[in-house]
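Report on the structure given below.
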Amino acid sequence: MGAGGRMTEKEREKQEQLGRANGGAAYQRSPTDKPPFTLGQIKKAIPPHCFQRSIIKSFSYVVHDLVIVAALLYAALVWIPTLPSVLQLGAWPLYWVVQGCVMTGVWVIAHECGHHAFSDYSLLDDTVGLVLHSWLLVPYFSWKYSHRRHHSNTGSLERDEVFVPKQKEALAWYTPYIYNNPRSTTTGSEPRFSSQTSECWPCHWLC
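Position one of the sequence shown corresponds to residue -12 (the working numbering), numbered consecutively onward.
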């Protein structure tokens, strides 16, 4: 729950007044109080078998996803060319979206290899991760090391290398209206996600 969930009516009204004075809705902040539990306590509450890494189960997910990828590719190559030209214009983009969703699952498996979550053997994890990430045109080892650094410094303005939080003075003037506007029908995440998947990711491949 965010900090707004613990506000009194007076505090919430004051925040809304401040937001209106600044020309937009007030920012909803994350909790800043220390929680009444530790990360170690959370881990102890999880059953031990949840931390066991089975090679058979891990590879079953790889095979499962690759079989679906192959089946979709076969269906697209065999079935879509038989459609009228007009329908092909819609069928190919639909195939790209569906196939992309499945390949994202393959990417996630390689991502977990970088976290040493695939098996108990680092060499096997790196081998599987390298093969899968290379197939998806993603550099594995550079991703592995930079991503681990990101997880170690999540939310840090000084040390995080990826999703570095912006300071208030660095935010664009339209930020309150797009990302925290109660009158908006979107959260602002939809346009950003669309841009990342349609523009940023292909640009990553080209670079």
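Where is the CB? At the ideal position from N, CA and C, for every residue including glycine.
Note that this is a predicted model, so its numbers are computed, not measured.
Check	Outcome
Coarse secondary structure for H102, derived from DSSP in three states	coil
Exposure label - F150; buried when at least 16 CB within 10 Å	exposed
Beta-carbon separation (whole angstroms), H120 vs P126, contact threshold 8 Å	7 Å
Residue span of the alpha helix (DSSP H) that contains D112, given as start and end	S109 to W122
Contact under 8 Å by Cβ, D52 with G116	no
Under 8 Å between C-beta atoms of I96 and Y82	no
W160 in three-state terms, based on DSSP	coil
Boundaries of the alpha helix (DSSP H) in which Q28 is found, first to last residue	L26 to A32
Cut-off 7 Å between Cβ atoms - residues of its own chain near E99, not counting five sequence neighbours on either side	F105
Check whether A78 and L70 have beta carbons under 8 Å apart	yes
L76 to W94 span [Cα, whole Å]	27 Å
Reduced DSSP category for D52 - H, G, I as helix; E, B as strand; rest coil	helix
Beta-carbon separation (whole angstroms), L59 vs V85, contact threshold 8 Å	6 Å
Assigned exposure category for K131 - 16 Cβ within 10 Å defines buried	buried
C-alpha distance - V40 paired with K30, whole-angstrom precision	Just to set this straight, residue 40 is Arg in the shown sequence, not Val. Going from the Cα of R40 to the Cα of K30 covers about 16 Å.
Where V89 falls: helix, strand or coil (DSSP)	helix
Where E186 falls: helix, strand or coil (DSSP)	helix
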